[in-house]
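Student: Here it is, the structure, as structure tokens.
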Amino acid sequence: MVNIGILGFGSRWESCYRPALEKLRDRIRVAAVYDPVAVRARRVAEELGAVAMGGFLAACRRKDVQAVLLLDAGWAGSAVLPLLCDERKPIYVACDVGADPRLLERLHEMAISRGVTLMPELGYRYTPAALRLQELMATRLGKPRRITVQIAEGSNRRRSSVTDSTDPPPSESTQRVVAGMGVHFIDTPQWQPAEPFAGRSEPGPPFLALVQWFDWCWYMFRLQPARVTCTRQNGEAGRRRPCHSVRIDFAASSSGRRSGVAELHVHFRLEQAVESREAESTVSTSPAIRVECESGEACLNGDKTISWAAGSQRKTETLASDRSEVEVMLDHFCRRVVGGLIPVADLNDVCRGLRLARAAADSLRTGRPVVFRSDG
């Protein structure tokens with residue numbers, strides 16, 4: 170049994186994390202909770218048989234708390250992570266961590282130097298369909314050669330956790346206080362409706378919306394990205410925004426026997442509401458995905474459906490009864506807490522996704538492919 174502290178509940182507590190924790194109640198016990206809304210913290214603590222605490226560090230420092238789930242950092246953002254790392258307890262990060270790879274690399278190095286597991290939530294890797302795809306690649310389909318992702322306009326989308334934030338930026342006075350701790354906020358673009366890869370002075374959601382898909386493609390190939398190309402195709406007049414296509418060329422493996430290509434085609438609706446946070450729904454977590462492999466191919470339609478073909482065998486599988494991605498990630502996290510060696514994501518993975526997104530933005534701006542460098 171792993172005793173955890175929950176720091177902030179966020180918008181997905183009732184729909185996502187609470188159900189997952191209930192299914193894992195034989196392995197995880199919630200010992201302490203903190204939320205900026207004290208009434209909510211007391212209510213959830215009473216329901217879970219936990220103790221409501223008055224702050225992030227107070228909850229983390231309890232002797233009966235072995236690890237923490239950071240579900241919502243509120244105004245503090247990534248600034249709370251160095252403070253939690255100092256407590257030397259494993260941290261599951263399911264909230265926005267900012268968009269500066271250099272800052273995230275420093276946080277990663279800090280976690281390593283303190284022997285702390287700092288696991289960002291990269292849920293696209295662990296959907297039922299994605300896990301089944303990995304099984305099929307290992308047994309029937311072979312290594313992937315090309316991935317094509319069609320991200321359709323207006324599809325429902327859940328938050329991307331470590332790479333998205335709908336919270337307003339902290340006030341200048343708050344930034345000064347936290348800067349006194351030796352940590353600085355990163356000025357990242359906020360969501361606006363329209364085109365991808367836009368900055369604060371341009372219309373459109375920033376590239377952060379796509380970081381997890383870049384990570385997903387890398388995770389399937391496990392090869393070093395070599396080149397990123399982003400192009401724009403005009404849409405039908407008056408109906409939709411142009412489509413932006415991102416191509417990532419992955420370098421050949423050390424054996425020289427394979428390389429890979431990932432293509433993401435992103436469509437954004439013209440009629441997005443200007444001030445609504447529903448602009449988040451523009452990017453879907455359930456796009457159409459086609460994966461061409463050495464010995465077959467697979468198509469993923471949503472999180473829980475996969476169709477595949479290998480030789481004369483063709484099959485469509487519905488995975489509605491499989492564990493959710495959050496259950497899988499919490500299970501992996503708890504294995505690490507008790508000393509297991511199971512691989513988990515770290516902030517370097519987020520940094521890679523951010524750099525791929527920045528390379529795509531540079532390619533779109535210059536009209537030329539960008540050679541990818543993992544160090545920035």
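Per our numbering, the sequence shown runs over residues 170 to 545. Don't be surprised by glycine CBs; every beta carbon is placed ideally from N, CA and C.
Could you tell me which residues DSSP puts in a beta bridge with E486?
Tutor: I475
Student: Run through the DSSP bridge pairs and tell me what Y261 is partnered with.
Tutor: Secondary-structure assignment with DSSP links Y261 through a beta bridge to L238 and M288.
Student: Following the continuous beta strand (DSSP E) through F541, name the residue where it begins and the one where it ends.
Tutor: Run containing F541: none; DSSP gives neither H nor E here.
Student: Output the distance between the C-alpha atoms of V171 and S481, rounded to the nearest integer angstrom.
Tutor: 46 Å
Student: Do the stretch 487-500 and the stretch 188-197 make contact, defined as three or more Cβ pairs closer than 8 Å?
Tutor: Yes, the stretch 487-500 is in contact with the stretch 188-197.
Student: When the Cα atoms are used, what is the spatial distance from I316 to L525?
Tutor: Going from the Cα of I316 to the Cα of L525 covers about 16 Å.
Student: Is it true that the CB of D515 sits closer than 9 Å to the CB of A280?
Tutor: A contact, by the Cβ cut-off of 9 Å.
Student: Any idea which residues DSSP pairs L469 with across the strands?
Tutor: I458 and I475
Student: I need the straight-line Cα distance from G429 to L193, nearest angstrom please.
Tutor: 37 Å
Student: Residues bridged to L516 by DSSP?
Tutor: Answer is none; L516 lacks a bridge partner.
Student: So with Cβ pairs under 9 Å, would you call L240 a contact of chain C?
Tutor: Among the chains of the structure shown, chain C does not appear; only one protein chain is present.
Student: Can you tell me the Cα-Cα spacing of D531 and V539, whole angstroms?
Tutor: Their Cα atoms are separated by approximately 7 Å.
Student: Taking just the CA atoms, how far does Y203 sit from C462?
Tutor: Linking C462 to Y203 through their CA atoms gives a straight-line distance of about 46 Å.
Student: Residues in the same chain with beta-carbon distance under 6 Å from S424, minus the five sequence neighbours each way, listed in chain order, please.
Tutor: none
Student: Does DSSP classify H434 as helix, strand or coil?
Tutor: strand
Student: From L305 to I260, what distance separates their C-alpha atoms?
Tutor: 31 Å
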